[in-house]
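Going left to right, the sequence shown walks through residues 113 to 217 as my numbering numbers them. Beta carbons are placed, not taken as given, at the ideal position from N, Cα and C, and that holds for glycine. For reference, the structure is listed below as structure tokens.
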Amino acid sequence: SVYGDAKEDIPYDAPEPLGKPVLTTSYFDANLCADMLTGRSMTGILHFINQMPLDWYSKKQSTVATATFGSEFVAARICTEQILEIRIILRYLGVPLKDFVCIRR
């Protein structure tokens, strides 16, 4: 692995997780030049816990991308930030999490 033995930081004051571990899955996509007037792309993100919808996000990107790669990269960054937030919230609620996250485009 490129990242070696990198581990997720678990908050020290989070309660002990109880129950079966849950799997978090996220889907993201970007629509290049969704707004023809300004040239901005649209980001769409769906978050699931054990195949149950948890959260969704749809917003026009604040930057103008000239290629699909740029708009997809922005969408991936936003998705990753949201995943980190969701996992911290679930840890503070005492929900056990699997060691990995499924991210799909």
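A residue is called buried once 16 or more other Cβ atoms fall within 10 Å of its Cβ, and S138 is buried on that count.
In the DSSP assignment, V213 is bridged to T136. For the 8 Å CB-CB criterion, P208 and P127 do not form a contact. By the criterion of a C-beta distance shorter than 8 Å, L130 is surrounded in its chain by G206 and P208, once the five residues flanking it on both sides are discounted. Taking 8 Å as the cut-off, the beta carbon of T155 is found closer than this to the beta carbon of Q173. Between the C-alpha atoms of F185 and R216 there is a straight-line separation of about 13 Å.
Under the three-pair Cβ rule at 8 Å, the stretch 177-184 does not count as touching the stretch 162-169. A146 and S183 have their C-alpha atoms spaced approximately 11 Å apart. Between the alpha carbons of S153 and L135 lies a distance of about 29 Å. Counting only residues of its own chain and dropping the five nearest sequence neighbours on each side, P123 has a CB closer than 8 Å to the CB of I200, R203 and Y204.
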